[in-house]
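Trainee: Those protein sequence lines, which keep their order, are chains A and B.
When we follow the numbering used here, the leftmost residue of the first sequence carries the number -15, and every step to the right adds one.
When we follow the numbering used here, the leftmost residue of the second sequence carries the number 498, and every step to the right adds one.
Let me begin by handing over the structure; questions about it come next.
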Amino acid sequence: MKFPWGDEERRKKELNEEIASHLQMAARDREARGESPAQANVAAQRELGNAGVIQDVTHDQWAWTWLEDLLQDLRYAARTLRKNPGFTLIAVLTLALGIGANTAIFSLVNGVLLRPLPYAQPERLVGTTEYYPQGALEVMREQSRTMELVGVSDNGEFNLTGSGDPVRLIGNSVSADFFSVLGVQAAMGRTFQDGEDQPGKDREVILSRALWERRFQSDPSIVGRRITLEGVDRQIIGVMPADFRFPSPKTELWVPLHMDPRDIGTYWGDSYMPLIGRLRPGATVQQARTELKIMLPRVLAAFAWAMPDDSFVTGTVVSLEEAIVRDARGKLLILLGAVGLLLLIACANVANLLLARAATREKEVAVRVALGASRWRILRQLITESVLLSLIGAALGLGIAVYGLSIMKTALPPDTPRLADVALDGHVLIFTAFLAILTGIMFGLVPALGASRVDMTEALKSGGQRSATRGNHRASRLLVVGEVAISMILVVAAGLLVKSLWILSGTNPGFRSERVVTARITPNESFCEVPGRCLAFYDELLRRTRALPGVQDAAAVNALPLGAGAEIFPSAVEAHPTPAGAHVPMLWEKIITPDYLRIMKIPVLRGRGFTEADAAPEAQAVLIVSKSTAEHFWPGKDPVGQHIRANWEPNVWRTVVGVVGDVREYNIRSDSASWIDGVMYAPYGAHAIRGSGADAPPAEMTLVIETSAERVQIASELKNTVASLNHDVPVSQIGPLKNWVAEAMAEPRSISGLFAVFGGLALLLGAVGIYGVISYSVAQRSREIGIRMALGARRQEVLLLVVGQGAKLALSGVAIGIAGGLMLTRLMSGLLYGVQATDPLTYGAVAILLMLVALAACFLPARRAMRVDPMVALRYE
Amino acid sequence: MKQRYQNRIELLQGTLDLLILQTLRWGAQHGYGIALAIRANSGDILQVDTGSLYPALHRLERQKLVAAEWKLSENNQRVRVYRLSVAGKKKLATERSRWAQISQAIAGILGPAGEESEA
Chain A
-15 MKFPWGDEER RKKELNEEIA SHLQMAARDR EARGESPAQA NVAAQRELGN
35 AGVIQDVTHD QWAWTWLEDL LQDLRYAART LRKNPGFTLI AVLTLALGIG
85 ANTAIFSLVN GVLLRPLPYA QPERLVGTTE YYPQGALEVM REQSRTMELV
135 GVSDNGEFNL TGSGDPVRLI GNSVSADFFS VLGVQAAMGR TFQDGEDQPG
185 KDREVILSRA LWERRFQSDP SIVGRRITLE GVDRQIIGVM PADFRFPSPK
235 TELWVPLHMD PRDIGTYWGD SYMPLIGRLR PGATVQQART ELKIMLPRVL
285 AAFAWAMPDD SFVTGTVVSL EEAIVRDARG KLLILLGAVG LLLLIACANV
335 ANLLLARAAT REKEVAVRVA LGASRWRILR QLITESVLLS LIGAALGLGI
385 AVYGLSIMKT ALPPDTPRLA DVALDGHVLI FTAFLAILTG IMFGLVPALG
435 ASRVDMTEAL KSGGQRSATR GNHRASRLLV VGEVAISMIL VVAAGLLVKS
485 LWILSGTNPG FRSERVVTAR ITPNESFCEV PGRCLAFYDE LLRRTRALPG
535 VQDAAAVNAL PLGAGAEIFP SAVEAHPTPA GAHVPMLWEK IITPDYLRIM
585 KIPVLRGRGF TEADAAPEAQ AVLIVSKSTA EHFWPGKDPV GQHIRANWEP
635 NVWRTVVGVV GDVREYNIRS DSASWIDGVM YAPYGAHAIR GSGADAPPAE
685 MTLVIETSAE RVQIASELKN TVASLNHDVP VSQIGPLKNW VAEAMAEPRS
735 ISGLFAVFGG LALLLGAVGI YGVISYSVAQ RSREIGIRMA LGARRQEVLL
785 LVVGQGAKLA LSGVAIGIAG GLMLTRLMSG LLYGVQATDP LTYGAVAILL
835 MLVALAACFL PARRAMRVDP MVALRYE
Chain B
498 MKQRYQNRIE LLQGTLDLLI LQTLRWGAQH GYGIALAIRA NSGDILQVDT
548 GSLYPALHRL ERQKLVAAEW KLSENNQRVR VYRLSVAGKK KLATERSRWA
598 QISQAIAGIL GPAGEESEA
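Written as structure tokens, this is what we have:
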């Protein structure tokens, strides 16, 4: 193949000259024979024909022969495939499954891991792995020479009141230069300007495009309007473009950080957030990392109180992409690996089909060799055919991928980073085309090499049955063994994940979720600053809620289990002095009304639960701790009667009055986060103390409503009830507690589900592979089987012969698969729960399953072998 | 239009190549000269179409069976002259024997049939 683009012009000119010289010579000869010059010219030209076309055609000889060959090969390949519809159908379907699965998963990988972030010079953007408070951000902004740093809070919630129904919106507080560091502009209006994160200048808000459309009916004159967010009057200064989704696709609005050094509690303690930055010109990520380490002592020294020596030491700087994607990378790569294996199985299958067909095509190839085709030409023809096959498969696979992707996007947990960026874009199409060609070559090469090595005379002489097929048969047996081995690995992986999911769904989260409806009630934070107002509000709300039809009981809690968050309570435990320079114990504080434990069926193991009296101002300050917390602080002692205090209140000890069962507070897999030392409960009342140090009880509470049946229609009644008390309080996230638990399982379920599909496909393809090879071998050996039967072999012996052959292949595959699985499944141990990556039960069960499937796949051909009529078989040929 | 020419090339392909290679065996020659030689040597029976000749020449050049260079003709005209390459000589030998086989085979088929129809 030659692409003579370079000589193009020169060649055209020369060709023109060559034809012209031809004409001149012809005309001169005619003149010499006595024609007039004019006559001679006309005649010569007529004889020559259309010079332009001749030049074109001649020129084409240089550039396009390879293309013509290719077209010819393609036409021939298409004809061959059409003539074998059964083979073509099976091969195309197999490849479509393999390529489709790969395309779908690659779209995910592309959207989440590969696509550059949609910001200016995304490779210069970085993020911190650690969270820092506002004060630390200010110190680092002043000192850093490698980065322009800005802070972005985690998703916060804001009540929008005063315009229609009150709603709860999700928003982020950001540094004033956040947008300029990312390099993005507002679609309407402007972004924040320098200094607008300072107190007094920060009464501004920027809307997301979606919020602007939904809540403000795409009002073109929105910029400049004022709205009330969380009781604070803010001016809308801009609307962002639709594709701006930072830090999360849920973000509906951005407000400036409120950087107020005089508010020490917030400035240094209650405003922890991740930082992002843009590397300054010439700086590298490595330099930024070093600088972060160097700045750390100065940052710690600036804190308003003494910080433990090891604070922030694990923090480092990574590319922003990495900071966003975090642990999704590993999971996606595991999925990509799995579909890669699936494609290998599909390739092995089609290669096998081609090998079996090679035998029947031997004669055809021999004829073409005899007609002068070179081996290279034959090889190219056969490869063209297999690439055409896989391209058709890829086209079909794209359809499967589109469908699969839409399912995956809904099945994957919505907090999967950058999920909104996932689409079948140009990169994915290029990947698929490339994959298809590679696949075609991969499964086509071995059969094609075998077929093109045909011995012409042998093939033409014999009846065209088995001359070069012995080598092919060995190759196809190897392929089947490999295929079974890979299937084994995939099915084991699927088995381990499904078993994890099964164990996970069987675990007791520590509370009941049936017949409980929950709803978030979120008055503005300032609503509770008036002493007693919030307590009275919730008291009345619970009373009215209990009176609703179908409601048996109702309670309130500051945050649901399974990761809804809770107050973090830096504490001191009696008789557990914190060594200087070490962390104080961090406790999660669940603030509850007395009925919460009973409604949630969280058992009181020792002591007592709360009563209404515990909420009163004159009552003694009391606490309940969870079982493992009690064991952590007071092993072997009675926790009841022990004391805990907030670490900033030297003399206010709170008495432990009870111990309750452990609850999965953090997520479905674990009770608490690694940096949390325990869980305690405090009564919602005068003594509810906040981790932030604020005196008021929390404003946002979640109602936990026990119903007589699963009643979702309670939503509107509840909204009316809240509105009748205070029409500025939004009610959100109303739903059965069961859904909340199911949501917590979404990620393990989606990954297990994907693997179960891959495992099922692997099993199916493996079975088809074994079936194909065994039935081909039976067809090849029908004469031998006939002889055996003529010599007195019984049918059972024939059955054993055939099934035994298949079993031997399957057994080797299973053995290799076990070895491979032991190596590969270790990579996914992070996804497993309650089961080892080497779980012998799973391996054993999958091995047996695979053997059964293999035997079933052998059974049909074996039955055909048993029915071989010795007379027919011997007469044949 | 182009299509028609291409069809004609396909028709003659192989045979024309053989004739060109054979003609060049007597020495380097330009396209017009080759056409004249084939016509003369076939006793004016084979008229080589220019629209087939030049594509064939360039195809052979591309396959490195002939080599081409610009020279001045006896009339002091710049002409493109083709010369047989080593590969071209080999090809000529194999093509000749193949041609011999084919023509023999065709004669074998046509021979008796012709006699029958005359009988």
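Where a beta carbon is used, it is the ideal one built from N, C-alpha and C, also for glycine.
1. Give the range of the beta strand (DSSP E) segment to which A:Q177 is assigned.
2. How many Å lie between A:L589 and A:W618 at the Cα?
3. For A:W572, which residues does DSSP report across the bridge?
4. Output yes or no for whether 9 Å exceeds the beta carbon distance between A:L276 and A:L237.
5. Hey, which unbroken runs of the beta strand (DSSP E) at 3 residues or more fall wholly within the region 503 to 571 of chain A?
6. Determine the DSSP secondary structure at B:R575, reduced to helix, strand or coil.
7. Given A:G82, which residues of its chain have a CB within under 6 Å of its CB, disregarding the five upstream and five downstream residues?
8. Here's the rule I'm using: 16 or more other beta-carbon atoms within 10 Å means buried, otherwise exposed. How should A:N492 be labelled?
9. Give the C-beta separation of A:T64 and A:E369 to the nearest angstrom, bearing in mind that I take them to be a contact with Cβ-Cβ under 8 Å.
10. Tell me, please, whether the CB atom of B:G528 is closer than 9 Å to any CB atom in chain A?
11. Rounded to whole angstroms, what's the CA-CA distance from A:L372 to A:L429? Just pull it up for me.
12. Against A:Q8, what residues of chain B qualify as contacts under a CB-to-CB distance less than 8 Å, listed in chain order?
13. Name the chain B residues that come within less than 8 Å of A:E1, Cβ to Cβ?
14. So the candidates are A:F163, A:E122, A:R199 and A:V123; which of them puts its Cα closest to the Cα of A:S147?
15. Would A:G804 count as contacting chain B if we go by Cβ distances under 9 Å?
16. Give the residues of chain B in contact with A:V351, contact being defined as C-beta atoms less than 8 Å apart.
17. Should B:G540 be flagged as near chain E, meaning a C-beta pair shorter than 9 Å?
18. In whole angstroms, give me the CA-to-CA distance for A:D622 and A:K703.
19. Residue range of the alpha helix (DSSP H) that A:E615 falls in?
20. Can you tell me whether B:D514 is buried or exposed, with buried defined as 16 or more other CB within 10 angstroms of its CB?
21. The alpha helix (DSSP H) spanning A:G750 covers which residue range?
22. Cβ atoms of B:G540 and B:L562: under 9 Å apart, would you say?
23. What does the alpha-carbon distance come out to for the pair A:R582 and A:I689?
24. Using 8 Å as the cut-off, classify the Cβ of A:Y755 as near or not near the heavy atoms of the ligand ZN, replying yes or no.
25. I need the DSSP call for A:D579, collapsed to helix, strand or coil.
26. Measuring straight from C-alpha to C-alpha, what distance separates A:R262 and A:A307?
27. Would A:V93 and A:T400 qualify as a contact pair, given that the criterion is a beta-carbon distance under 9 Å?
28. In whole angstroms, what is the alpha-carbon distance linking A:F418 and A:A343?
29. Go to A:D142, then tell me how far its beta strand (DSSP E) extends in each direction, as first and last residue.
30. A:R99 CB to nearest chain B CB: under 9 Å?
31. In the DSSP assignment, what residue or residues form a beta bridge with A:V640?
32. How big is the Cα-Cα spacing for A:L847 and A:G314?
33. Answer with yes or no whether the minimum CB distance from A:S436 to chain B is below 9 Å.
34. Beta-carbon of B:L516 versus every beta-carbon of chain A: anything under 9 Å?
35. Tell me, please, which residues DSSP counts as bridged to A:W238.
36. Could you check whether the region 564 to 583 of chain A touches the region 290 to 301 of chain A, counting it as contact only if at least three pairs of C-beta atoms, one from each stretch, sit closer than 8 Å?
Mentor: On the basis of the data shown:
1. Here residue 177 of chain A corresponds to residue number 193 of the first sequence, with the count starting at 1. Taken as a continuous stretch (DSSP letters only), A:Q177 belongs to no beta strand (DSSP E), as it is neither H nor E.
2. Indexing the first sequence from 1 puts residue 589 of chain A at position 605. Indexing the first sequence from 1 puts residue 618 of chain A at position 634. Near 15 Å, if we compare the C-alpha coordinates of A:W618 and A:L589.
3. In the first sequence, the residue the question calls residue 572 of chain A occupies position 588. For A:W572, which the question treats as bridged, DSSP gives the partners A:I552 and A:V663.
4. Your numbering for residue 276 of chain A matches position 292 in the first sequence. Your numbering for residue 237 of chain A matches position 253 in the first sequence. No, Cβ-Cβ distance for A:L276 and A:L237 is not below 9 Å.
5. 535 to 541 and 551 to 557
6. What you label residue 575 of chain B is simply residue 78 of the second sequence in a count that begins at 1. Here B:R575 sits in strand by DSSP.
7. Working through the first sequence from its first residue, we reach residue 82 of chain A at position 98. The residues are L326, L327 and A330.
8. Here residue 492 of chain A refers to the residue found at position 508 of the first sequence. A residue is called buried when at least 16 other Cβ atoms come within 10 angstroms of its Cβ; A:N492 does not meet this threshold and is exposed.
9. Position 80 of the first sequence, counted from the start, is the residue given in the question as residue 64 of chain A. Position 385 of the first sequence, counted from the start, is the residue given in the question as residue 369 of chain A. Yes, they are in contact, since the Cβ atoms of A:T64 and A:E369 sit about 6 Å apart, within 8 Å.
10. For the purposes of this step, residue 528 of chain B is taken as the residue at position 31 of the second sequence. It does; some Cβ of chain A falls within 9 Å.
11. For the purposes of this step, residue 372 of chain A is identified with residue 388 of the first sequence, where counting begins at 1. For the purposes of this step, residue 429 of chain A is identified with residue 445 of the first sequence, where counting begins at 1. Near 13 Å, if we compare the C-alpha coordinates of A:L429 and A:L372.
12. By one-based count along the first sequence, residue 8 of chain A stands at place 24. Under the 8 Å cutoff, chain B gives Q574.
13. For the purposes of this step, residue 1 of chain A is taken as residue 17 along the first sequence, with counting starting at 1. By Cβ distance, chain B contributes R575 and R577.
14. Residue mapping note: residue 147 of chain A aligns to position 163 of the first sequence, counting from 1. Per the Cα distances, A:R199.
15. Walking along the first sequence from the start, residue 804 of chain A turns up at place 820. It does not: the Cβ of A:G804 has no partner Cβ on chain B nearer than 9 Å.
16. Within the first sequence, the letter at position 367 stands for residue 351 of chain A. Here the premise fails: no neighbours, minimum Cβ distance about 16 Å.
17. Checking the listed chains, one finds no chain E in this structure; the protein chains it contains are A and B.
18. Walking along the first sequence from the start, residue 622 of chain A turns up at place 638. Walking along the first sequence from the start, residue 703 of chain A turns up at place 719. Taking the straight line from one Cα to the other gives about 44 Å.
19. As a working mapping, residue 615 of chain A is identified with position 631 in the first sequence. That run of the alpha helix (DSSP H) goes K611 to F617.
20. Position 17 of the second sequence, counted from the start, is the residue given in the question as residue 514 of chain B. That one is buried.
21. Along the first sequence, one-based indexing puts residue 750 of chain A at 766. Taken as a continuous stretch (DSSP letters only), the alpha helix (DSSP H) holding A:G750 covers A730 to Q764.
22. The residue labelled residue 562 of chain B in the question sits at position 65 within the second sequence. The residue labelled residue 540 of chain B in the question sits at position 43 within the second sequence. The answer is no: Cβ separation not under 9 Å.
23. Here residue 582 of chain A is taken as the residue at index 598 of the first sequence, counted from 1. Here residue 689 of chain A is taken as the residue at index 705 of the first sequence, counted from 1. Cα to Cα, A:R582 sits roughly 11 Å from A:I689.
24. Here there are no bound small molecules, and the ligand ZN is not part of this structure.
25. As a first step, residue 579 of chain A is located in the first sequence; it is residue number 595 there, counting from the start. Residue state, collapsed to three classes: coil.
26. Taking the first sequence and counting its residues from 1, one reaches residue 262 of chain A at position 278. Taking the first sequence and counting its residues from 1, one reaches residue 307 of chain A at position 323. Between A:R262 and A:A307, the C-alpha separation is close to 13 Å.
27. Numbered from 1 along the first sequence, position 109 holds the residue referred to as residue 93 of chain A. Numbered from 1 along the first sequence, position 416 holds the residue referred to as residue 400 of chain A. No. Outside cutoff.
28. As a working note, residue 418 of chain A is residue 434 in the first sequence. As a working note, residue 343 of chain A is residue 359 in the first sequence. Looking at the two C-alpha atoms, the distance is approximately 29 Å.
29. Along the first sequence, read from residue 1 onward, the residue named residue 142 of chain A stands at position 158. Correcting the residue type first, residue 142 of chain A is Phe in the shown sequence and not Asp. That run of the beta strand (DSSP E) goes G140 to T145.
30. Taking the first residue of the first sequence as 1, we reach residue 99 of chain A at position 115. Not one chain B Cβ lies under 9 Å of A:R99.
31. Along the first sequence, read from residue 1 onward, the residue named residue 640 of chain A stands at position 656. A:V640 pairs with A:L607.
32. Stepping through the first sequence from its first residue, residue 847 of chain A is reached at position 863. Stepping through the first sequence from its first residue, residue 314 of chain A is reached at position 330. Inspection of the sequence shows that residue 847 of chain A is occupied by Arg rather than by Leu. Answer to the nearest angstrom: the Cα atoms are 47 Å apart.
33. Counted from its first residue, the first sequence places residue 436 of chain A at position 452. Cβ-Cβ to chain B under 9 Å: no for A:S436.
34. Here residue 516 of chain B corresponds to residue number 19 of the second sequence, with the count starting at 1. No, B:L516 lies away from the interface with chain A (no Cβ there is under 9 Å from its Cβ).
35. In the first sequence, residue 238 of chain A corresponds to position 254, counting from 1. Paired residues: A:N156 and A:I190.
36. yes
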